[in-house]
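The sequence shown begins at 1 in my numbering and counts up by one.
Quick reminder that beta carbons are idealized off the backbone N, C-alpha and C, glycines included.
Owing to the predicted nature of the structure, the values given are computational and were not obtained by experimental measurement.
Report on the following structure.
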Amino acid sequence: MIRNSRFSVAVHSLMMIAASQGKLKMTSGLIAESTGMNAVTIRHVFLRLKSAGLIEVKPGPGGAKLAMAPAEITLYAIYAAVEEYLFSDMFHLNQNSAEWCPVGRNVNYILTCRLESVIAAAIEQLRSVTLLDLLDDLGKIERDFSALC
1 MIRNSRFSVA VHSLMMIAAS QGKLKMTSGL IAESTGMNAV TIRHVFLRLK
51 SAGLIEVKPG PGGAKLAMAP AEITLYAIYA AVEEYLFSDM FHLNQNSAEW
101 CPVGRNVNYI LTCRLESVIA AAIEQLRSVT LLDLLDDLGK IERDFSALC
(Lines of atoms letter the chains of each structure in order from A and count residues from 1; the text may use other names and numbers.)
(Lines give C-alpha, C1' and ligand atoms only; values in the text may rest on other atoms or scores of the structure.)
Protein backbone atom coordinates (compact mmCIF):
# COMPACT_ATOMS: atom_id res chain seq x y z
CA MET A 1 0.00 0.00 0.00
CA ILE A 2 1.43 3.33 -1.05
CA ARG A 3 0.96 6.19 1.37
CA ASN A 4 1.69 9.82 0.78
CA SER A 5 2.36 12.72 3.08
CA ARG A 6 0.59 15.47 1.13
CA PHE A 7 -1.86 16.14 3.95
CA SER A 8 0.78 16.55 6.66
CA VAL A 9 2.99 18.60 4.32
CA ALA A 10 0.01 20.83 3.48
CA VAL A 11 -0.77 21.34 7.18
CA HIS A 12 2.92 22.06 7.88
CA SER A 13 3.00 24.58 5.03
CA LEU A 14 -0.18 26.35 6.13
CA MET A 15 1.04 26.53 9.72
CA MET A 16 4.28 28.15 8.58
CA ILE A 17 2.42 30.61 6.35
CA ALA A 18 0.03 31.53 9.16
CA ALA A 19 2.72 31.71 11.85
CA SER A 20 4.86 34.07 9.76
CA GLN A 21 2.00 36.61 9.73
CA GLY A 22 3.47 38.11 6.57
CA LYS A 23 6.81 38.90 8.23
CA LEU A 24 8.66 36.37 6.07
CA LYS A 25 8.12 35.42 2.46
CA MET A 26 6.84 31.87 2.65
CA THR A 27 8.45 30.45 -0.45
CA SER A 28 8.42 26.84 -1.55
CA GLY A 29 12.16 26.76 -0.86
CA LEU A 30 11.81 27.87 2.74
CA ILE A 31 8.95 25.49 3.43
CA ALA A 32 10.85 22.68 1.68
CA GLU A 33 13.71 23.19 4.13
CA SER A 34 11.37 22.95 7.10
CA THR A 35 9.42 19.94 5.80
CA GLY A 36 12.42 18.06 4.45
CA MET A 37 10.64 17.81 1.11
CA ASN A 38 11.67 18.94 -2.35
CA ALA A 39 10.62 22.48 -3.33
CA VAL A 40 8.85 21.05 -6.39
CA THR A 41 6.72 18.90 -4.08
CA ILE A 42 5.83 22.00 -2.06
CA ARG A 43 4.85 23.85 -5.24
CA HIS A 44 2.53 20.97 -6.16
CA VAL A 45 0.94 21.20 -2.70
CA PHE A 46 0.67 24.99 -3.13
CA LEU A 47 -1.18 24.49 -6.43
CA ARG A 48 -3.77 22.27 -4.75
CA LEU A 49 -4.16 24.65 -1.81
CA LYS A 50 -4.52 27.59 -4.19
CA SER A 51 -7.11 25.75 -6.30
CA ALA A 52 -9.10 25.12 -3.12
CA GLY A 53 -8.97 28.83 -2.26
CA LEU A 54 -6.90 28.32 0.89
CA ILE A 55 -3.81 30.29 -0.19
CA GLU A 56 -2.74 32.97 -2.61
CA VAL A 57 0.58 32.53 -4.36
CA LYS A 58 2.65 35.21 -6.04
CA PRO A 59 4.73 34.08 -9.02
CA GLY A 60 8.48 33.83 -8.65
CA PRO A 61 9.94 34.32 -5.20
CA GLY A 62 6.83 36.16 -3.99
CA GLY A 63 5.75 33.43 -1.61
CA ALA A 64 2.36 32.32 -0.37
CA LYS A 65 -0.15 33.79 2.05
CA LEU A 66 -3.41 32.56 3.51
CA ALA A 67 -6.53 33.43 1.53
CA MET A 68 -8.66 33.40 4.69
CA ALA A 69 -8.26 33.52 8.45
CA PRO A 70 -6.73 30.46 10.18
CA ALA A 71 -9.98 30.02 12.12
CA GLU A 72 -11.80 29.46 8.80
CA ILE A 73 -9.49 26.73 7.49
CA THR A 74 -10.41 23.27 8.75
CA LEU A 75 -8.39 20.10 8.57
CA TYR A 76 -11.13 18.67 6.38
CA ALA A 77 -10.73 21.55 3.89
CA ILE A 78 -6.99 20.91 3.80
CA TYR A 79 -7.47 17.17 3.37
CA ALA A 80 -10.03 17.66 0.60
CA ALA A 81 -7.69 20.10 -1.15
CA VAL A 82 -4.64 17.87 -1.34
CA GLU A 83 -5.75 14.25 -1.24
CA GLU A 84 -6.85 12.41 -4.34
CA TYR A 85 -9.21 10.13 -2.45
CA LEU A 86 -11.70 11.23 0.13
CA PHE A 87 -12.57 9.11 3.11
CA SER A 88 -15.23 7.13 1.30
CA ASP A 89 -12.42 5.62 -0.79
CA MET A 90 -10.10 5.01 2.15
CA PHE A 91 -11.06 1.40 2.78
CA HIS A 92 -10.78 -0.89 -0.21
CA LEU A 93 -12.75 -4.06 0.30
CA ASN A 94 -11.76 -7.42 -1.12
CA GLN A 95 -14.05 -8.23 -4.04
CA ASN A 96 -12.84 -11.82 -4.42
CA SER A 97 -14.44 -13.40 -1.36
CA ALA A 98 -15.98 -16.83 -1.84
CA GLU A 99 -19.78 -16.78 -1.95
CA TRP A 100 -19.98 -20.32 -0.52
CA CYS A 101 -18.44 -19.09 2.74
CA PRO A 102 -20.75 -17.32 5.23
CA VAL A 103 -17.95 -14.91 6.15
CA GLY A 104 -16.92 -14.34 2.54
CA ARG A 105 -20.43 -13.55 1.36
CA ASN A 106 -21.15 -11.12 4.24
CA VAL A 107 -17.90 -9.51 5.35
CA ASN A 108 -18.08 -6.56 2.92
CA TYR A 109 -21.63 -5.71 3.95
CA ILE A 110 -20.71 -5.90 7.64
CA LEU A 111 -17.58 -3.80 7.18
CA THR A 112 -19.40 -1.22 5.06
CA CYS A 113 -22.06 -0.75 7.74
CA ARG A 114 -19.45 -0.30 10.47
CA LEU A 115 -17.04 1.82 8.46
CA GLU A 116 -19.71 4.34 7.45
CA SER A 117 -19.92 5.54 11.06
CA VAL A 118 -16.13 5.53 11.42
CA ILE A 119 -15.77 7.66 8.29
CA ALA A 120 -18.54 10.02 9.39
CA ALA A 121 -16.85 10.49 12.79
CA ALA A 122 -13.46 11.14 11.17
CA ILE A 123 -14.94 13.74 8.84
CA GLU A 124 -16.76 15.41 11.73
CA GLN A 125 -13.52 15.63 13.71
CA LEU A 126 -11.58 17.03 10.75
CA ARG A 127 -14.27 19.66 10.24
CA SER A 128 -14.07 20.68 13.90
CA VAL A 129 -10.31 21.35 14.00
CA THR A 130 -9.03 24.57 12.45
CA LEU A 131 -5.63 25.85 11.50
CA LEU A 132 -5.98 28.28 14.40
CA ASP A 133 -6.39 25.32 16.78
CA LEU A 134 -3.13 23.86 15.48
CA LEU A 135 -1.34 27.18 15.87
CA ASP A 136 -2.60 27.38 19.46
CA ASP A 137 -1.26 23.85 20.05
CA LEU A 138 2.08 24.91 18.60
CA GLY A 139 2.24 27.92 20.90
CA LYS A 140 1.50 25.78 23.97
CA ILE A 141 4.11 23.19 23.03
CA GLU A 142 6.75 25.83 22.35
CA ARG A 143 6.03 27.58 25.67
CA ASP A 144 6.21 24.29 27.55
CA PHE A 145 9.42 23.33 25.77
CA SER A 146 10.98 26.74 26.46
CA ALA A 147 10.20 26.33 30.14
CA LEU A 148 12.20 23.09 30.17
CA CYS A 149 15.32 24.60 28.60
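- Distance check between Gln95 and each of Leu86, Tyr109, Tyr85, Val82 places Tyr109 closest, using alpha-carbon atoms only.
- The beta carbon of Thr41 lies closer than 6 angstroms to none in the same chain, with the five residues before and after it left out.
- When beta bridges are read from the DSSP output, Lys58 appears opposite Gly63.
- Secondary structure of Thr130 (DSSP, three-state): strand.
- Within a 10 Å sphere around the beta-carbon of Ala69 sit fewer than 16 other beta-carbons, which makes this residue exposed.
- When Lys140, Leu93, Phe7 are compared, the shortest CA-CA separation from Thr35 is found for Phe7.
- Burial of Tyr76 is indicated by the presence of at least 16 other C-beta atoms within 10 angstroms of its C-beta.
- In the displayed model, Thr41 falls within a helix according to three-state DSSP.
- Phe7: member of the alpha helix (DSSP H) spanning 6-20, first to last residue.
- Residue burial annotation: Ile141 is exposed, with fewer than 16 other C-beta atoms found within 10 angstroms of its C-beta.
- Assigned with DSSP and collapsed to three states, Thr74 falls in strand.
- For the 8 angstroms CB-CB criterion, Val9 and Met37 form a contact.
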